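Each residue of the sequence shown is one higher than the one before, counting from 1 in this note's numbering. For each residue, glycine too, the CB sits at the ideal point set by N, CA and C. In this text the structure is predicted, and so the values were computed from the model without any measurement. Worksheet: the structure to be examined is printed underneath.
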Amino acid sequence: MTHDPEDLITIFNRLFDISEQTVLVRGGDEPIYLPAWHTGYRCEIQFAHGFFASALHEIAHWCIAGRERRQLVDFGYWYEPDGRSQQQQSLFERVEVKPQALEWIFHRSCDHRFRISADNLSGEATDSSVFKQNVIQQVHTYLLEGLPSRAALFRDALQDFYKTSDLSPKDFSLLKLG
1 MTHDPEDLIT
11 IFNRLFDISE
21 QTVLVRGGDE
31 PIYLPAWHTG
41 YRCEIQFAHG
51 FFASALHEIA
61 HWCIAGRERR
71 QLVDFGYWYE
81 PDGRSQQQQS
91 LFERVEVKPQ
101 ALEWIFHRSC
111 DHRFRISADN
121 LSGEATDSSV
131 FKQNVIQQVH
141 TYLLEGLPSR
151 AALFRDALQD
161 FYKTSDLSPK
171 DFSLLKLG
């Protein structure tokens with residue numbers, strides 16, 4: 001099965017261009033979210049380098065962001081680049097649990113391999129097992145209690161397009177985590 005980012009753009013934009021005044025577009029080196037006041041027209045989720053996984057990750061952040069955060073460039077989040085200290089990495093991992101859990105659900109909905117990302121290749125070494133376990137627990141929570149509404153709409157559209165079946169907690173474990 002091919003995983004073309006153009007398909008994600010089409011699926012996302014059909015769902016949210018009018019209802020949320022938000023579109024998904026290919027970006028440059030770094031992903032970024034731009035609210036409508038910044039673009040002069042509508043909100044943009046720009047994913048890095050046209051990568052399929054980057055698009056799903058940025059969509060996951062958007063699905064979690066509340067109305068106020070969606071009025072801020074990059075949702076008002078801080079970002080420390082690769083090379084973070086253990087303390088910075090710990091904070092990064094705490095805020096990335098929910099988006100990476102949604103991203104994994106989106107990947108599975110596309111029948112696409114998911115790789116968890118600690119995004120700190122040249123930083124201080126940390127134990128990623130706690131982060132991975134927290135992501136798995138959050139996936140299970142989402143599947144049992146329900147996804148945020150925009151995330152559920154997007155997941156359903158992905159499953160329809162890619163002809164994948166409903167997901168259950170048994171579909172997500174350390175053995176299935178990249």
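- Between R94 and the set Q138, D29, E58 and F47, the nearest pair of CA atoms involves Q138.
- Excluding five sequence positions before and after R108, the CB atoms of its chain that fall closer than 8 Å to its own CB belong to F114, T164, L167, D171 and F172, given in chain order.
- Sequence-distant partners of Y33 (beyond 5 residues in either direction) whose C-beta falls short of 6 Å from its own C-beta, in its chain, are I45, D74 and F75.
- Distance from the Cα of Q21 is smallest, within the candidate group R42, T2, M1 and S54, for R42.
- For the pair C110 and L143, the CB atoms are not nearer than the 8 Å cut-off.
- CA-to-CA, the gap between F161 and R155 works out to about 10 Å.
- When secondary structure is reduced to three states using DSSP, Y162 falls in the helix class.
- In this structure R14 is exposed. Its beta-carbon is surrounded by fewer than 16 other beta-carbon atoms within 10 angstroms.
- Between I18 and F12, the alpha-carbon positions lie close to 11 Å from each other.
- In this structure, DSSP gives T141 a helical state, which the three-state scheme calls helix.
- Rounded to whole angstroms, R67 and D29 show a C-alpha spacing of 26 Å.
- Shown here for S54: same chain residues with a beta carbon closer than 6 Å to its own, the five before and five after excluded, namely P31, F47 and A48 in chain order.
- Excluding five sequence positions before and after F16, the CB atoms of its chain that fall closer than 6 Å to its own CB belong to T22, given in chain order.
- Here E103 is actually not in contact with A65; their C-beta atoms are around 14 Å apart, not less than 8 Å.
- Counting C-beta atoms within 10 angstroms of its own C-beta, Q100 has 16 or more neighbours from the protein chains shown and is therefore classed as buried.
- The DSSP-derived three-state label of C110 is coil.
- As computed with DSSP, E44 is found in a beta bridge with V23 and L34.
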